[in-house]
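Same order as they appear, the protein sequences are chains L and C.
Position in the first sequence counted from 1, then plus 3, gives you my numbering.
Position in the second sequence counted from 1, then plus 22, gives you my numbering.
Working notes for the structure below.
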Amino acid sequence: MKVVAAMNGGALAQWRKWAPLAVLFALCILISLFNGNFLTIGNFIRLLNLAAIPLVLCMGATFIILMGSIDLSVEGIVALTAVMVSLLVANDISPYAIGLFSVPLAIIAGGAMGLLNGLLHVKLKTPSFMTTLGVGFAGVGIATAILGGETVRISDQTFRFLSLGRFLGIPMAVWIAAAAVAVAYIIQERTRLGRWLYAIGTDEITARHAGIPIERTRILIFAVAGLFYGLGGVLLVAQFGQGHALISQGRLFTTVTAVVVGGTALSGGVGSVLNSVIGVMIVVVLANGLVLMGVEPYVQQGVQGLLIIAAVALALDRSRLEVVK
Amino acid sequence: MMPPVLELRGVSKSFPGVKALDTVSFAINKGEVVGLIGENGAGKSSLLKVLNGIYQPDQGEIWVNGQTIRIASPRRAFDSGIAMVFQEQSILPTLTVAENIFLGREEEFLRYGLISKARMNEAAAVELKKVRLSCHPGTRCADLSFADRQMVEIAKALSLDSRIKGDITILLDEPTSVLERKEVDLLFEIVRDLKQRASIVFISHRLEEVLDISDRVYVMRDGKVVKELAAGEATVKDLHQHMVGRQLHHEYYREARQTTPTARVVLQCEGLCKDGAFSNISFPLHAGEIIGIAGVIGSGREDLARCLAGHAAVDRGTLTVDGSVVRFAAAHDATRKGVGLVPSERKAEGQVSAFTVAENMTLAALPKYVANGVLRFAAERATAREWIDRLKIKTPSSATMVGSLSGGNQQKVVLAKWRIAGVHVLILDHPTRGIDVGAKEDVYELVRDMTAEGLAVILLGDTLEEVIGLSNRILVMRDGEVTATFEAPPGAKPAQVDLIRHMV
Chain L
4 MKVVAAMNGG
14 ALAQWRKWAP
24 LAVLFALCIL
34 ISLFNGNFLT
44 IGNFIRLLNL
54 AAIPLVLCMG
64 ATFIILMGSI
74 DLSVEGIVAL
84 TAVMVSLLVA
94 NDISPYAIGL
104 FSVPLAIIAG
114 GAMGLLNGLL
124 HVKLKTPSFM
134 TTLGVGFAGV
144 GIATAILGGE
154 TVRISDQTFR
164 FLSLGRFLGI
174 PMAVWIAAAA
184 VAVAYIIQER
194 TRLGRWLYAI
204 GTDEITARHA
214 GIPIERTRIL
224 IFAVAGLFYG
234 LGGVLLVAQF
244 GQGHALISQG
254 RLFTTVTAVV
264 VGGTALSGGV
274 GSVLNSVIGV
284 MIVVVLANGL
294 VLMGVEPYVQ
304 QGVQGLLIIA
314 AVALALDRSR
324 LEVVK
Chain C
23 MMPPVLELRG
33 VSKSFPGVKA
43 LDTVSFAINK
53 GEVVGLIGEN
63 GAGKSSLLKV
73 LNGIYQPDQG
83 EIWVNGQTIR
93 IASPRRAFDS
103 GIAMVFQEQS
113 ILPTLTVAEN
123 IFLGREEEFL
133 RYGLISKARM
143 NEAAAVELKK
153 VRLSCHPGTR
163 CADLSFADRQ
173 MVEIAKALSL
183 DSRIKGDITI
193 LLDEPTSVLE
203 RKEVDLLFEI
213 VRDLKQRASI
223 VFISHRLEEV
233 LDISDRVYVM
243 RDGKVVKELA
253 AGEATVKDLH
263 QHMVGRQLHH
273 EYYREARQTT
283 PTARVVLQCE
293 GLCKDGAFSN
303 ISFPLHAGEI
313 IGIAGVIGSG
323 REDLARCLAG
333 HAAVDRGTLT
343 VDGSVVRFAA
353 AHDATRKGVG
363 LVPSERKAEG
373 QVSAFTVAEN
383 MTLAALPKYV
393 ANGVLRFAAE
403 RATAREWIDR
413 LKIKTPSSAT
423 MVGSLSGGNQ
433 QKVVLAKWRI
443 AGVHVLILDH
453 PTRGIDVGAK
463 EDVYELVRDM
473 TAEGLAVILL
483 GDTLEEVIGL
493 SNRILVMRDG
503 EVTATFEAPP
513 GAKPAQVDLI
523 RHMV
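Shown next, in the form of structure tokens:
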């Protein structure tokens, strides 16, 4: 009996592991049946370009979710860093034009806000859900206050090259996103921080007994996530050539959807940044496919909403679940 | 003579209402295997937690290699040469074998801030060889069997060996309870091997094993070390005797009020099985009867209690309540049939601490206090006041938060809740855990009241003494099966030693 159960568990675990990739392939085949333009190099590059910013944001969010927490401050941090960077490069409002030096500054600012998330969450022992929601709102609020609802237009073409420039025919944004994935993967696989965030996400008590500095790890992970959001803000401004407080609207939902659809468990400990790469591709391919099929935008949003619920429902290991909140 | 590798001198540790450790002195010499035994709640686990830096002692000193130290954290314990193999495994299933072994100690594999997995796996392979586990260090622990994970845990403790200058002590908390005979033999071989380099504390309920592997045995009872003896000169029977120690005093358990059960069967188990927990449990429970279930942790009695109360489903067998066959899918099914559970974790499962006394009392019978969809507060308050009087609950009012009452009074509120719900079978899981002696007597009095009114009780006692003192009949469980049944009429109670023989 036990052996059978174990085998079933194993097969199920295997299926869960590969399900996101299978879903991605199925989606691609399905959409290409409807529209011949889907499976073209041009569309593929467009997909990658669409995926670039969500990928960068997802790298940060994946770490937080692996740790068993949640980060709702994505939009706030992205908005603030975007406004900041747009005012620092050559533009039509402020006199600063420090060019690419603005990039590290914006990333560091994102990291600082992430650090704030972490410090508030750990030191005040407030749930990450509430802390990051608050910090996120504050971020959007400050960004709005700085610009007073105006839009900054960027005239720095070198800066815009970060998104629009091409190398080997592929947009720079895609290369930058790929680099972000590589860095995130190295953090996850090869650093103590990466090891410990899995341990904390799996079982914090055991992790503490093993002598892991839980609080410091949590704070650092939130800061690292902030760095990725900062980079996301930079890429957004470079892509659109403008900065305003609402530039990040809708990014939180896509980010969390992509992480979860990719198979990273909201309960923590299970998943990987590579899962999130698949998750982002699923979300982007689906959105692209719906456009190609001529589905209305509001219906598209509804489909995304259903997708995240389906993904969570499929990924949950209910056998270990006692209380659902 | 060399000082002991590890020594405790007069260590005490108290929790509200309980003295977990009472001036415990304890020493382990180099290369020695020391057995540590005692009933559940005797203080073994507390002792280990002090040694592992999870609890800080209130009094007393810990000496390592002739120096007094303070063990502030598990990491500090590790650096002092003390490694613990936990009873509940501390292996993280999402990490690999190697990652688990070196969790929190990755620094030795860092190069430019990056972990070298290859070197970590290599080092883990060395430790795995010590426990003769042939899996690859890169295997995820979720893919290992339970017993193999236990071996990984032991390998983790052994990794201390090559990394600490001084002597090492390994604490094994019930390491054999999940192992098969073959694996136990292997573990013992490893332990004997280890004696060259390490001292070992071996905690087990399996007394034959303790005598087999240990050089010396400490017996604990009520938070004290009551006996220290050489393993070679002791028998299992001696150990039993020391674990039990005192004689029963009849009045404490209100034996004079023990009722003779009626012939009416209120609950009947027929071949109940739950895979991995218990099997083939059959017994009738009569109105007015108290059936005590004795057994150590892992005997399956807690699982049985939860199944009878509908908190978990049985896999096979039939359960009959009041003559009709029932199948409980959830706790409210059991409540509807008149079966209630007073859980051992009172704060987590028995009461809603932020609710008032009255709200807690009516929780299981709320529909009775609803008229036209609205709660009838006056009726609720009246019932609460009635039960506060009947059970002599010490509370300022029925509107006091339950969390602010003493443990004994909280437990009375929990009992009142089930009485108000009108149950006629009550399962008491450690009903006197964590409450003081006087309050315990009150609870015993209430249990006698209930049986006098015809309620039937299944009791998982806090101590063996309690089970024997209160019950009409006692089932002894071991490894998920009933190994013996004792009648326990007043004045002719079975001896603890006889029960223990069937428990371990």
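A virtual CB, placed ideally from N, CA and C, is assigned to each residue, including glycine.
- A check of alpha carbon separations from residue 406 of chain C across C:467, C:315, C:380, C:299 identifies C:380 as the nearest.
- What residue 116 of chain C touches in chain L, judged by beta-carbon distance under 7 Å, is 201, 205, 272, 273, going in chain order.
- Here DSSP, grouped into helix, strand and coil, assigns residue 295 of chain C to strand.
- From the beta-carbon of residue 215 of chain L, the residues of chain C found nearer than 9 Å are 97, 125, 126.
- In the DSSP assignment, residue 252 of chain L falls outside any alpha helix (DSSP H), carrying neither H nor E.
- Within the same chain, and ignoring the five residues on either side of residue 178 of chain C in sequence, the residues whose Cβ sits closer than 7 Å to its Cβ are 122, 123.
- Taking C-beta separations shorter than 7 Å and ignoring five residues to either side along the sequence, the partners of residue 356 of chain C in its chain run 331, 332, 350, following chain order.
- A Cβ-Cβ separation of about 18 Å leaves residue 74 of chain C out of contact with residue 216 of chain C under the 8 Å criterion.
- In this structure, residue 225 of chain C keeps its C-beta atom at 7 Å or more from the C-beta atom of residue 250 of chain C.
- For residue 89 of chain C, the enclosing beta strand (DSSP E) begins and ends at 89-91.
- Taking 7 Å as the threshold, the shortest C-beta distance from residue 209 of chain L to chain C falls below it.
- Chain C places a beta carbon closer than 7 Å to that of residue 193 of chain L, counting this residue as a contact.
- Taking C-beta separations shorter than 7 Å and ignoring five residues to either side along the sequence, the partners of residue 198 of chain C in its chain run 206, 209, 226, 228, 231, following chain order.
- Interface residue (Cβ-Cβ distance to chain L less than 7 Å): residue 112 of chain C is classified as such.
- Take the alpha-carbon of residue 43 of chain L and the one of residue 55 of chain L: they are about 19 Å apart.
- In the three-state reduction of the DSSP assignment, residue 114 of chain C falls in the coil class.
- Think of a sphere of 7 Å around the beta carbon of residue 166 of chain C: no beta carbon from chain L falls inside it, the nearest being about 11 Å out.
- The three-state reading of DSSP puts residue 352 of chain C in coil, since its state is none of H, G, I, E or B.
- Around the beta-carbon of residue 206 of chain L, 16 or more other beta-carbon atoms lie within 10 Å, marking it buried.
- Between the segment 317-326 of chain C and the segment 479-499 of chain C there are three or more C-beta pairs closer than 8 Å, enough to call the two in contact.
- With respect to chain L, the C-beta atom of residue 193 of chain C has no partner C-beta closer than 7 Å.
- When C:279, C:53, C:301, C:131 are compared, the shortest CA-CA separation from residue 188 of chain C is found for C:53.
- Around the CB of residue 391 of chain C, 16 or more other CB atoms lie within 10 Å, so the residue is classed as buried.
- Under DSSP, residue 308 of chain C takes part in a beta bridge, and its partners are C:287.
- Residue 136 of chain C reaches chain L at 189, 193, 194, counting residues in chain order whose Cβ is nearer than 8 Å.
- Each of C:322, C:377, C:300 was checked against the Cα of residue 339 of chain C, and the nearest Cα belongs to C:300.
- Residues of chain L with a Cβ closer than 8 Å to the Cβ of residue 100 of chain C are, in chain order, 214.
- The CB of residue 121 of chain C comes closer than 9 Å to the CB of 198, 201, 202 in chain L, given here in chain order.
- Non-local beta-carbon contacts of residue 87 of chain L in its own chain, meaning distances under 7 Å to residues more than five positions away in sequence, involve 109, 112 in chain order.
- If you ignore the 5 residues before and after residue 105 of chain C, its C-beta comes within less than 6 Å of the C-beta of 179, 182, 192, all in its own chain and listed in chain order.
- Bounds of any beta strand (DSSP E) do not take in residue 192 of chain L; it lies within the alpha helix (DSSP H) bounded by 175-193.
- Nearest C-alpha to residue 96 of chain L among L:48, L:114, L:279, L:150: L:150.
- At a Cβ-Cβ threshold of 7 Å, residue 273 of chain L and residue 116 of chain C count as neighbours.
- With a contact defined as Cβ atoms closer than 8 Å, residue 210 of chain L and residue 118 of chain L miss out at about 21 Å.
- The three-state reading of DSSP puts residue 240 of chain C in strand, counting E and B together.
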